[in-house]
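Novice:
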Ligand SMILES: NC(=O)c1ccc[n+]([C@@H]2O[C@H](COP(=O)([O-])OP(=O)(O)OC[C@H]3O[C@@H](n4cnc5c(N)ncnc54)[C@H](OP(=O)(O)O)[C@@H]3O)[C@@H](O)[C@H]2O)c1
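Numbering (the numbering used here), first residue to last: 253 to 538.
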């Protein structure tokens with residue numbers, strides 16, 4: 253697996269495992285627990301080491317499933333990212349959320365803890381003080397943000413003693429500048445260049461736009477034939493060809509997990525990256 257440097261002491265693989273939907277989306281759904289636990293274990297067995305989750309996924313149940321999947325494994329070989337939800341950003345709430353996540357994940361530290369989304373109703377200074385506390389207490393190794401604009405990243409950094417090392421954003425071939433929900437804008441024009449200049453890793457979530465990028469598209473269809481790779485693999489390889497970008501496709505299907513892993517270890521040509529850069533894909537927002 254290829255890595256990108258997060259910090260001099262911490263490398264993160266270019267491809268990790270997303271988990272939103274395992275154990276439910278915004279509510280708990282226990283109907284596929286065995287399948288989800290199996291998928292997480294399978295993913296780790298075939299080489300995934302970074303698992304992305306959040307306290308809000310499955311209303312907490314996703315973290316429980318990850319905890320069950322990893323409890324007998326060598327924790328030091330895994331990188332766990334979790335996120336505190338935007339309604340829990342007051343000082344005490346951040347700490348309580350983190351401790352609950354640790355319990356569910358059956359671990360005593362989270363590698364990368366992110367603020368899931370900004371919340372203008374809660375003082376960011378208060379949130380960042382709590383994030384610093386979590387690092388001091390060694391409950392968290394590194395901190396970051398998600399869906400933050402450049403100004404929000406700068407403000408968060410001003411209030412924190414620790415470097416914000418990542419911003420997770422819904423960037424892919426289709427979304428480019430604007431997440432279809434309008435939660436994250438100016439990704440390509442502002443956020444990514446700022447992160448690249450300031451050594452902040454960009455974690456591109458929704459790399460295949462939940463399947464939308466697998467729909468017929470003349471450019472992706474052509475490149476898929478040319479490279480003998482699937483469209484998911486082309487879309488993922490395009491993301492990780494960019495400086496500072498890593499990604500986290502979600503799958504509970506072993507064939508998809510293997511397929512996504514094989515997005516790594518080869519390169520689209522510079523001309524084809526440019527072709528994809530210049531291709532307009534259907535964005536659900538347009
Ligand atoms: N920070 C945020 O606000 C935020 C927002 C959204 C997502 N995320 C994170 O990013 C992760 C990824 O995003 P996502 O799950 O929304 O979308 P995604 O990874 O773009 O797409 C996941 C969907 O694509 C399918 N899939 C995966 N690989 C495939 C392949 N090779 N061929 C065909 N289908 C494939 C999966 O189904 P199968 O399971 O059947 O393979 C699933 O339905 C999330 O799970 C979550 O961890 C974060």
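All C-beta atoms, glycine included, are put in the ideal place defined by N, C-alpha and C.
Output yes or no for whether 8 Å exceeds the beta carbon distance between residue 349 and residue 360.
Specialist: On the chain shown, position 97 is the one that residue 349 refers to. On the chain shown, position 108 is the one that residue 360 refers to. Cβ distance not < 8 Å, so residue 349 and residue 360 don't count as in contact.
Novice: What are the complete beta strand (DSSP E) segments, minimum 3 residues, inside the region 306 to 341?
Specialist: 331 to 336, all fully within the region 306 to 341.
Novice: Using only alpha-carbon positions, find the residue among 262, 494 and 469 that is nearest to residue 521.
Specialist: Stepping through the chain shown from its first residue, residue 521 is reached at position 269. Nearest option by C-alpha distance: 494.
Novice: Could you check if residue 387 belongs to the surroundings of ligand 1, using beta carbon to heavy atom distance under 7 Å?
Specialist: The sequence position of residue 387 within the chain shown is 135, counting from 1. It does not: the Cβ of residue 387 is nowhere closer than 7 Å to a heavy atom of ligand 1.
Novice: Are residue 368 and residue 415 touching if we call contact CB-CB under 8 Å?
Specialist: The residue you call residue 368 lines up with position 116 of the chain shown. The residue you call residue 415 lines up with position 163 of the chain shown. Cβ atoms of residue 368 and residue 415: not closer than 8 Å.
Novice: Quick one, are the C-beta atoms of residue 468 and residue 488 less than 8 Å apart?
Specialist: Taking the first residue of the chain shown as position 1, residue 468 is located at position 216. Taking the first residue of the chain shown as position 1, residue 488 is located at position 236. No, Cβ-Cβ distance for residue 468 and residue 488 is not below 8 Å.
Novice: For residue 412, tell me which candidate among 434, 325 and 384 has the shortest Cα-Cα distance.
Specialist: For this step, residue 412 is matched to residue 160 along the chain shown. Among 434, 325 and 384, the Cα nearest to that of residue 412 belongs to 384.
Novice: If distances are taken between C-alpha atoms only, which option among 405, 531 and 519 comes closest to residue 451?
Specialist: The residue you call residue 451 lines up with position 199 of the chain shown. Checking every option, the nearest Cα to that of residue 451 belongs to 405.
Novice: Could you tell me whether any non-hydrogen atom of ligand 1 is closer than 7 Å to the CB of residue 304?
Specialist: The residue you call residue 304 lines up with position 52 of the chain shown. Within the cutoff, so yes.
Novice: Smallest Cα separation from residue 309: which of 289, 432, 398 and 276?
Specialist: For the purposes of this step, residue 309 is taken as residue 57 along the chain shown, with counting starting at 1. With distances taken between Cα atoms, residue 309 lies closest to 276.
Novice: Under a three-way DSSP split, which group does residue 559 fall into?
Specialist: Here the chain comprises residues numbered 253 to 538, so residue 559 is not present and cannot be evaluated.
Novice: Please determine whether the Cβ atom of residue 272 lies at a distance below 7 Å from any heavy atom of ligand 1.
Specialist: Position 20 of the chain shown holds residue 272. Yes; taking the cut-off as 7 Å, the Cβ of residue 272 has a heavy atom of ligand 1 nearer than that.
Novice: Take residue 272 as the anchor and find which of 534, 281 and 433 has the nearest alpha-carbon.
Specialist: If you number the chain shown from 1, residue 272 lands on position 20. Measuring from the Cα of residue 272, the nearest candidate turns out to be 281.
Novice: Answer with buried or exposed for residue 326, where buried requires no fewer than 16 other C-beta atoms within 10 angstroms of its C-beta.
Specialist: Numbered from 1 along the chain shown, position 74 holds the residue referred to as residue 326. Answer is exposed; the Cβ neighbour count stays below 16.
Novice: Where does the unbroken alpha helix (DSSP H) through residue 525 begin, and where does it stop?
Specialist: On the chain shown, position 273 is the one that residue 525 refers to. Per DSSP, residue 525 belongs to the alpha helix (DSSP H) from 522 to 530.
Novice: Tell me, to the nearest whole angstrom, how far the beta carbon of residue 417 is from that of residue 394; I am working on the premise that it is less than 8 Å.
Specialist: For this step, residue 417 is matched to residue 165 along the chain shown. For this step, residue 394 is matched to residue 142 along the chain shown. Rounded, the Cβ-Cβ distance is 5 Å, consistent with contact.
Novice: Thinking C-alpha only, which one of 505, 264 and 513 is nearest residue 290?
Specialist: Walking along the chain shown from the start, residue 290 turns up at place 38. It is 505 whose Cα lies nearest to the Cα of residue 290.
Novice: Would the region 471 to 486 count as touching the region 442 to 449 if we require 3 or more Cβ pairs under 8 Å?
Specialist: Result no; under three Cβ-Cβ pairs closer than 8 Å.
Novice: For a test of your reading of the model: does the CB of residue 447 fall under 7 Å from any non-hydrogen atom of ligand 1? Yes or no.
Specialist: In the chain shown, the residue the question calls residue 447 occupies position 195. No; taking the cut-off as 7 Å, the Cβ of residue 447 has no heavy atom of ligand 1 nearer than that.
Novice: For ligand 1, is there any heavy atom lying closer than 7 Å to the beta carbon of residue 466?
Specialist: What you label residue 466 is simply residue 214 of the chain shown in a count that begins at 1. Checking the Cβ of residue 466 against ligand 1 gives yes.
Novice: Around the C-beta of residue 470, are 16 or more other C-beta atoms found within 10 angstroms, so that it is buried, or is it exposed?
Specialist: Translated into positions along the chain shown, residue 470 becomes position 218. It is exposed - the Cβ of residue 470 has fewer than 16 other Cβ atoms within 10 Å.
Novice: Since residue 497 and residue 265 should fall inside the 8 Å C-beta cutoff, what is the C-beta to C-beta distance between them, to a whole number of angstroms?
Specialist: Along the chain shown, one-based indexing puts residue 497 at 245. Along the chain shown, one-based indexing puts residue 265 at 13. Not confirmed; about 12 Å, so no contact.
Novice: Residue 393 lies in the beta strand (DSSP E); which residues open and close that run?
Specialist: Within the chain shown, numbered from 1, the residue matching residue 393 stands at position 141. Residue 393 -> beta strand (DSSP E) spans 392 to 398.
Novice: Unbroken alpha helix (DSSP H) runs of length 4 or more, entirely within the region 459 to 513: which are they?
Specialist: Within the region 459 to 513, the complete alpha helix (DSSP H) runs of at least 4 residues are 470 to 479, 483 to 492 and 506 to 513.
Novice: Would you mind giving the Cβ-Cβ distance between residue 593 and residue 425, rounded to the nearest angstrom? I have them listed as a contact below 8 Å.
Specialist: Look at the range of the chain in this structure, 253 to 538, and you will see that residue 593 is not part of it.
Novice: Would you check if the distance between the CB atom of residue 432 and the CB atom of residue 454 is smaller than 8 Å?
Specialist: Here residue 432 refers to the residue found at position 180 when the chain shown is read from its first residue. Here residue 454 refers to the residue found at position 202 when the chain shown is read from its first residue. Contact: no.
Novice: Quick check on residue 445: does DSSP put it in helix, strand or coil?
Specialist: By one-based count along the chain shown, residue 445 stands at place 193. In this structure, residue 445 counts as helix in the three-state DSSP scheme.
Novice: If you reduce the DSSP assignment to three classes, tell me which class residue 425 lands in.
Specialist: Locating residue 425 in the chain shown gives position 173, where the first residue counts as 1. Residue state, collapsed to three classes: coil.
Novice: One question on the structure: do residue 270 and residue 502 come within less than 8 Å of each other, judged by their Cβ atoms?
Specialist: Numbered from 1 along the chain shown, position 18 holds the residue referred to as residue 270. Numbered from 1 along the chain shown, position 250 holds the residue referred to as residue 502. Result yes, Cβ atoms of residue 270 and residue 502 sit closer than 8 Å.
Novice: If you draw a straight line from the alpha carbon of residue 408 to that of residue 307, how long is it in whole angstroms?
Specialist: As a working note, residue 408 is residue 156 in the chain shown. As a working note, residue 307 is residue 55 in the chain shown. Near 21 Å, if we compare the C-alpha coordinates of residue 307 and residue 408.
Novice: For residue 295, collect the residues of the same chain with a Cβ closer than 6 Å to its Cβ; drop the 5 residues on either side in sequence, then sort them by chain order.
Specialist: Taking the first residue of the chain shown as position 1, residue 295 is located at position 43. Taken in chain order, the residues that qualify are 269 and 509.
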